[in-house]
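Residue numbers (the UniProt record's numbering): 1 to 154. Think of the CB as a built atom: it goes at the ideal place given N, C-alpha and C, for glycine as much as any other residue.
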C-alpha cells in the first residue's frame with residue numbers, strides 16, 4: 001500500500017514545465033516528505049527468511065493489481081471517445097496530456113503539453129506532437145490522455 005501511495009503522490013499537482021532550468025514540479029511527496037522520490041530502497045532478503053520474501057511478493061502483487069486497475073478503470077474515464085454520438089472536446093495546442101506507454105514501468109508515463117496537432121481528412125485531430133521536458137514526441141490521440149485542467153487563481 002505504501003508503494004501505491006507513493007505512485008499517486010509522485011504525480012505533479014500542476015503542469016510540468018519543459019524548461020530544464022525551471023524548478024521541479026510540486027508533488028504531494030515533495031510537500032509531505034521534502035523530496036520528489038518516494039521510492040523505498042530495494043530489499044534483499046536472506047534465503048532463510050521466507051516470510052519476508054512472501055510479504056514483499058504480496059506487496060508487489062497488490063501494487064501491480066492497483067496499477068492495472070488504475071490503467072483499466074480511471075484513465076479511460078479521462079480519455080472519452082464517443083465516436084459519432086456527439087461532439088467531444090478534442091486536443092488543442094496547450095493541452096496537458098499523459099502519454100500512454102504500456103512498455104514503461106508503472107507510474108513512469110510521461111506528462112507534457114501539446115505543441116502541435118495533426119488533423120485527419122475529416123478535420124478531427126488524429127495525432128499530436130507533445131513537448132515533454134524539451135523533447136518532442138508524436139503520438140496518436142489514442143495514446144494520449146487529456147488531463148483535467150487546473151484552474152489558476154490570481
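Under the 10 Å beta carbon count, residue 112 is surrounded by 16 or more other beta carbons and is classified as buried. The residues 97, 114, 117, 125, 128, 141, 144 and 146, in chain order, have a CB closer than 8 angstroms to that of residue 91 in the same chain once the five nearest residues on each side in sequence are set aside. Rounded to the nearest whole angstrom, the CA to CA distance from residue 28 to residue 4 is 13 angstroms. Between the C-alpha atoms of residue 67 and residue 108 there is a straight-line separation of about 11 angstroms.
Across the set 71, 56 and 137, the C-alpha of 71 shows the shortest separation from the C-alpha of residue 7.
In the three-state DSSP reduction, residue 115 falls in the strand class (E or B). Taking C-beta atoms under 8 angstroms as the contact rule, residue 74 and residue 99 fail to qualify, at a distance of about 16 angstroms. As the crow flies, the alpha-carbon of residue 11 is around 26 angstroms from that of residue 55. Residue 139 and residue 130 do touch by the CB rule: their CB atoms are close to 6 angstroms apart, below 8 angstroms. Put simply, of 62, 95 and 61 the residue whose alpha carbon is nearest the alpha carbon of residue 148 is 95. Secondary structure at residue 68: helix, using DSSP grouped into helix, strand and coil. According to the DSSP assignment, residue 128 belongs to the beta strand (DSSP E) that extends over 125-132.
In the DSSP annotation of this structure, residue 90 is not part of any beta strand (DSSP E), being labelled neither H nor E.
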